[in-house]
Amino acid sequence: MRPLFLTILLLLSLASSSAFGGDKITLTLERAIKVANDSSLASFKNQNLYASGYWEWRTFKANRLPSLSLSVTPASYYRYITQRYDSQENIDVFRSQQTYSASAGLSAYQNVDFLGGSLYLQSDLEYLRNFGAYTSHQFSTVPVRIGYRQDLIGYNPFRWEKRIEPLKYEKAKREFLFNMETVSQEVVEHFFTLALAQTEYNLAVENLTSADTLYTVGERRFAIAAISQADLLTLRLDKVNARNTLENANIDLKRAQFSLASYLGLDTDTEIEVVLPGKPAIIDIPVADALQYALDNNPTLMARRQAVLEAERDVNKTLAESRFNASVNASIGFNQVAPTLGGAYSSLQRQDLVSVSVSVPLIDWGVRKGKYNMARNTLNVARIEGRQEELSVEQDVTMTLSDFSSQQRLVESAVEALDLADAAYAQTRQRFIIGKADINSLTLSHNRQQEASRNYISSLKNYWLSYYKIRRLTLFDFELHLPISVSFDNALGVR
4 MRPLFLTILL
14 LLSLASSSAF
24 GGDKITLTLE
34 RAIKVANDSS
44 LASFKNQNLY
54 ASGYWEWRTF
64 KANRLPSLSL
74 SVTPASYYRY
84 ITQRYDSQEN
94 IDVFRSQQTY
104 SASAGLSAYQ
114 NVDFLGGSLY
124 LQSDLEYLRN
134 FGAYTSHQFS
144 TVPVRIGYRQ
154 DLIGYNPFRW
164 EKRIEPLKYE
174 KAKREFLFNM
184 ETVSQEVVEH
194 FFTLALAQTE
204 YNLAVENLTS
214 ADTLYTVGER
224 RFAIAAISQA
234 DLLTLRLDKV
244 NARNTLENAN
254 IDLKRAQFSL
264 ASYLGLDTDT
274 EIEVVLPGKP
284 AIIDIPVADA
294 LQYALDNNPT
304 LMARRQAVLE
314 AERDVNKTLA
324 ESRFNASVNA
334 SIGFNQVAPT
344 LGGAYSSLQR
354 QDLVSVSVSV
364 PLIDWGVRKG
374 KYNMARNTLN
384 VARIEGRQEE
394 LSVEQDVTMT
404 LSDFSSQQRL
414 VESAVEALDL
424 ADAAYAQTRQ
434 RFIIGKADIN
444 SLTLSHNRQQ
454 EASRNYISSL
464 KNYWLSYYKI
474 RRLTLFDFEL
484 HLPISVSFDN
494 ALGVR
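Numbered by the numbering used here, the letters in the sequence shown go through residues 4 to 498 in order.
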């Protein structure tokens with residue numbers, strides 16, 4: 004992720020929090036999810052987790068490019084007593100000596116992934132001055148030296164990095180999207196909890212108004228002996244209960260508003276009113292397609308594939324280390340030594356280096372063999388766990404799709420039931436007012452109407468939970484018919 008992108012998200016979240024703080028706002032489900040993805044604490048955590056994976060990927064890419072480094076020792080002074088040979092006396096003697104030196108070096112390196120070696124280019128300059136019984140100064144130069152070093156038989160870390168690191172970065176992206184879809188699911192949970200509390204509050208207000216009206220009507224009917232005193236007392240009890248229910252509903256409403264505001268990163272005293280989404284469109288998701296999307300995009304399965312690759316790498320490494328190894332280092336360049344700087348860069352001499360080293364394990368009491376067997380067993384475990392995880396995800400996708408299909412049918416049924424309950428209650432209430440229905444019929448009809456309202460909200464909640472769960476498992480947008488990663492890459496300008 005680009006640093007600018009993170010900065011923009013942070014600024015947007017702060018602006019959102021300031022704009023919403025302490026106000027009364029209206030949120031749709033889509034808007035609530037967007038706010039959560041911009042400014043919730045869970046979103047900030049996910050962004051930082053992704054940023055860590057992103058910079059690990061950038062580091063890997065940078066390691067594939069040439070590197071240039073400068074090393075400088077501007078001054079080094081050394082005073083000591085050393086043993087010297089006195090040719091006049093033909094004996095060894097101790098003499099005091101002082102040296103001053105300075106050096107600088109410029110080095111460029113380029114890793115060669117396919118071969119597993121490193122190509123290098125170097126340039127060095129050194130100055131040495133002696134004080135004491137013997138005084139002198141010299142410049143030593145290596146204007147240019149080019150070389151190559153690598154293991155001839157052995158483990159090639161660059162080749163494995165080239166296979167593993169791209170998968171790790173793709174997994175980091177999918178984990179970010181997976182976590183964002185998890186945030187969406189949690190928003191759905193908080194949103195519909197508030198929606199239900201809001202509906203319960205509105206029903207309680209309506210119930211209190213209705214109970215008050217019905218009690219007034221009951222008093223008039225009791226005055227003309229149209230209803231019994233027991234019925235009148237029942238109506239009064241309904242009025243008292245409605246007032247208590249309203250008080251409790253108000254408490255639940257404030258608690259649900261606090262919970263949603265806190266999760267979205269808004270001021271906790273923000274008064275939120277949610278707008279229920281309409282009847283969702285029917286979405287047909289073939290099981291085979293969903294399973295394939297999950298196999299391609301699910302970060303848990305990617306993590307298992309990464310674990311298998313890393314285990315294969317360890318097997319390759321331990322196997323290579325259990326055999327003999329040979330390495331080569333070869334370079335060609337020029338150097339010179341002279342009392343003047345100009346002289347050190349003239350009449351250059353060839354400087355050649357060819358070095359071949361061989362390492363042969365003789366006796367290690369089975370250490371290398373043990374490491375190889377452990378690595379091979381770890382690989383087998385990784386493959387088994389990968390297959391188990393794949394079966395678990397397939398089962399989860401299949402069951403979630405089945406649940407999603409059922410929820411679509413339940414939403415349609417809940418809509419129909421709510422319409423019927425509203426119409427039945429309206430007619431029963433009118434018939435009670437004109438004296439053609441008793442109190443029991445009215446109470447039963449009212450309870451059915453309220454239960455239908457609750458069931459409708461519950462069916463919507465279950466539908467959207469199932470929808471975002473299948474999105475999370477597959478990381479596929481079934482409305483746009485595109486992987487969610489495509490929108491993510493486009494947002495970041497990734498090509």
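Just so you know, even glycine gets a beta-carbon here, dropped at the ideal spot from N, CA and C.
Note that the coordinates shown come from a computational prediction; the quantities given were computed from them, not determined experimentally.
Cβ pair residue i, residue j closer than 9 Å
i           : j           : result
residue 153 : residue 330 : yes
residue 300 : residue 186 : no
residue 143 : residue 164 : no
residue 157 : residue 323 : yes
residue 361 : residue 141 : no
residue 170 : residue 386 : no
residue 400 : residue 293 : yes
residue 2   : residue 103 : Only positions 4 to 498 of the chain appear in this structure, which leaves residue 2 out of reach.
residue 192 : residue 474 : no
residue 218 : residue 242 : yes
residue 146 : residue 351 : yes
residue 63  : residue 168 : yes
residue 466 : residue 413 : yes
residue 139 : residue 111 : no
residue 353 : residue 335 : yes
residue 109 : residue 55  : no
residue 106 : residue 126 : no
residue 180 : residue 491 : yes
residue 288 : residue 481 : yes
residue 210 : residue 398 : no
Local Cβ density within 10 Å of residue i, reported as buried at 16 or more and exposed below that
i           : result
residue 462 : buried
residue 302 : buried
residue 27  : exposed
residue 227 : exposed
residue 402 : exposed
residue 182 : buried
residue 282 : exposed
residue 396 : buried
residue 14  : For residue 14, the pLDDT reaches just 38, beneath the cut-off of 50, and the residue's location in the model is therefore unreliable, leaving the point undetermined.
residue 389 : buried
residue 260 : buried
residue 231 : exposed
residue 41  : buried
residue 76  : exposed
Neighbourhood of residue i by C-beta distance below 7 Å, restricted to the same chain and skipping five residues each side
i           : result
residue 1   : This structure cannot settle anything about residue 1, because the visible part of the chain is limited to 4 through 498.
residue 436 : 220
residue 161 : 114, 116, 119
residue 166 : 312
residue 43  : 186, 266, 267, 268
residue 418 : 282, 459
residue 290 : 401, 404
residue 198 : 277, 279, 460
residue 155 : 329, 330, 331
residue 66  : 114
Residue i: CB within 8 Å of a non-hydrogen atom of the ligand FAD
i           : result
residue 159 : The ligand FAD is not part of this structure, which contains no ligands at all.
Close-in-space but distant-in-sequence residues of the same chain around residue i (CB under 8 Å, 5 per side omitted)
i           : result
residue 189 : 39, 45, 266
residue 296 : 477, 478, 479, 486
residue 382 : 311, 314, 315, 317, 318
residue 284 : none
residue 451 : 424, 427, 428
residue 342 : 139, 140, 141, 142
residue 337 : 145, 146, 147, 148, 351, 352, 353, 354
residue 255 : 200, 203, 204
Residues of its chain near residue i, where Cβ-Cβ distance is below 6 Å and the 5 sequence neighbours each way are ignored
i           : result
residue 85  : 100
residue 82  : 101
residue 325 : 371, 375
residue 332 : 152, 358
residue 252 : 203, 204, 207
residue 379 : 318
residue 35  : 190, 194
residue 238 : 217, 218, 221
residue 445 : 431, 435
Assumed close pair residue i, residue j - CB separation to whole angstroms, cut-off 8 Å
i           : j           : result
residue 249 : residue 208 : 6 Å
residue 124 : residue 149 : 5 Å
residue 286 : residue 30  : Their Cβ separation, rounded to whole angstroms, is 23 Å, which puts residue 286 and residue 30 out of contact at 8 Å.
Subject >> In chain order, each alpha helix (DSSP H) run of at least 4 residues that lies wholly inside the region 79–150 >> reply: List check, alpha helix (DSSP H) in window: nothing returned.
Subject >> Complete runs of the alpha helix (DSSP H) confined to the region 337–364 [at least 4 residues] >> reply: Fully enclosed alpha helix (DSSP H) runs of 4 or longer: 344–347.
Subject >> Unbroken stretches of the alpha helix (DSSP H), 4 residues or longer, contained in the region 248–333 >> reply: As far as the region 248–333 is concerned, its whole alpha helix (DSSP H) runs of at least 4 residues are 290–300, 302–324.
Subject >> 4-residue-minimum alpha helix (DSSP H) runs that sit fully inside the region 413–498, ordered along the chain >> reply: Complete alpha helix (DSSP H) runs here, min 4: 442–477, 487–495.
Subject >> Contained beta strand (DSSP E) runs [length at least 3] in the region 162–195, N- to C-terminal order >> reply: Considered as a whole, the region 162–195 harbours no complete run of any beta strand (DSSP E) with no fewer than 3 residues.
Original post:
Which ranges does the alpha helix (DSSP H) cover as unbroken runs of at least 4 residues, wholly within the region 15–69, from first to last along the chain?
Top reply: Within the region 15–69, the runs of alpha helix (DSSP H) that reach at least 4 residues and sit entirely inside it are, in chain order, 32–42, 44–66.
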